[in-house]
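Novice: Sequential numbering from 0 applies to the sequence shown in numbering that gives the first Met the number 0.
Quick one: the structure is below, questions incoming.
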Amino acid sequence: MLAVGKPEGIDTRSLKDINLGGAAILEDQMQKIREMIPGTRINLSYGMTEVIGFLSCFNLNRPEDVVFADKKTDFSGKEIPDFSYKIVDVETEELLGPNQKGELRIKSDCLFSNYYNVDTPELYDSEGWLKTGDVVYYDDDECFYIVDRIKELLKVKSWHVPPALLENVLLTHPAVKAAVVIGIPHDIDGDHPMGIVVLKEDAGKVTAEEIEKYVEERVQDRQRLRAGVKIVDSIPTTASGKVKRNAIKKQYVVKKTN
């Protein structure tokens with residue numbers, strides 16, 4: 000939306016609400032989208048096909064949720080009625096509290112039973128909770144924040160590093176238009192993060208090393224882009240706009256290890 004911009008001559012005064020989903024969004028990106036479509040309430044929501052709808056959103060018919068939605072621009076709302084939630088440590092299964100990141104698991108009468116013709120007993124834990132596969136936390140107001148997919152987490156020197164965290168840092172660079180972070184296998188460290196970026200048309204002469212240094216100055220040591228930065232013309236996406244991470248990994252992991 001930000002890259003294309005609002006078409007000229009379009010009257011959006013009758014547009015009441017827009018729900019965004021499918022990926023995290025930076026606070027300043029949300030602010031720019033709201034400025035682009037003034038008078039329209041724009042918020043993040045979180046859902047799964049397996050529950051046939053939302054798992055968290057702001058109910059904009061409740062005044063307190065309207066306040067939260069305006070204040071917590073990068074959060075994905077609050078709980079949905081008839082769902083139970085818990086967040087557990089990815090490795091120990093320990094139950095976690097507010098502001099602790101772990102896997103979200105859910106219970107409800109609205110869940111699907113299974114995938115068609117696919118036996119996946121690992122979908123549920125020993126207590127019958129559905130494993131969402133998403134790393135999530137909730138704050139003291141019980142608003143949810145989606146961090147990343149578990150299968151996309153990188154493990155650097157035994158530390159979990161969410162690619163989305165590094166992607167968000169890359170996107171704050173004034174020359175970066177799009178970014179994705181993948182893990183390059185390393186014999187000792189596990190993964191070394193690599194940034195794949197597309198530059199803005201007016202970026203000028205910005206080098207990969209400059210972008211790598213920019214990130215290094217803003218993250219912890221274990222989160223550095225140790226595999227470097229690659230500047231590309233485009234990042235492959237699906238028809239719905241999601242990044243084709245497997246295609247990117249196949250391209251760059253092979254190049255790195257050969």
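Glycine included, each C-beta is placed from N, C-alpha and C at the ideal position.
(1) Measure the alpha-carbon distance for N257 versus L153 and round it to whole angstroms.
(2) According to the neighbour-count rule (16 or more other Cβ atoms, all chains shown, within 10 Å of its Cβ), is I187 buried or exposed?
(3) May I have a chain-ordered list of the beta strand (DSSP E) segments no shorter than 3 residues that lie completely inside the segment 139-177?
(4) May I ask you to report which of helix, strand or coil DSSP gives P97?
(5) Per DSSP, what are the beta-bridge partners of N18 in this structure?
(6) Pull up the CB-CB distance for V146 and V218, whole angstroms please, since I reckon it's below 8 Å.
(7) Assuming G76 contacts S107 (C-beta within less than 8 Å), just tell me the rounded distance between them.
(8) With H, G and I counted as helix, E and B as strand and the rest as coil, what does DSSP make of Y123?
(9) In or out: Y136 buried (at least 16 other Cβ within 10 Å) or exposed?
(10) Can you tell me whether M0 is buried or exposed, with buried defined as 16 or more other CB within 10 angstroms of its CB?
(11) With a cut-off of 8 Å, do at least 3 Cβ pairs link the segment 121-135 to the segment 173-188?
Specialist: Per the coordinate set shown:
(1) Below a pLDDT of 50, predicted positions are generally treated as unreliable, and N257, at 40, falls in that range; the measurement from the model is reported next regardless. If you take the alpha carbons of N257 and L153, they lie about 21 Å apart.
(2) exposed
(3) 143-148, 153-155 and 158-160
(4) coil
(5) N42
(6) 15 Å between Cβ atoms; not a contact.
(7) Between S107 and G76 the Cβ distance is about 16 Å, and since that is not below 8 Å, they are no contact.
(8) strand
(9) buried
(10) exposed
(11) no
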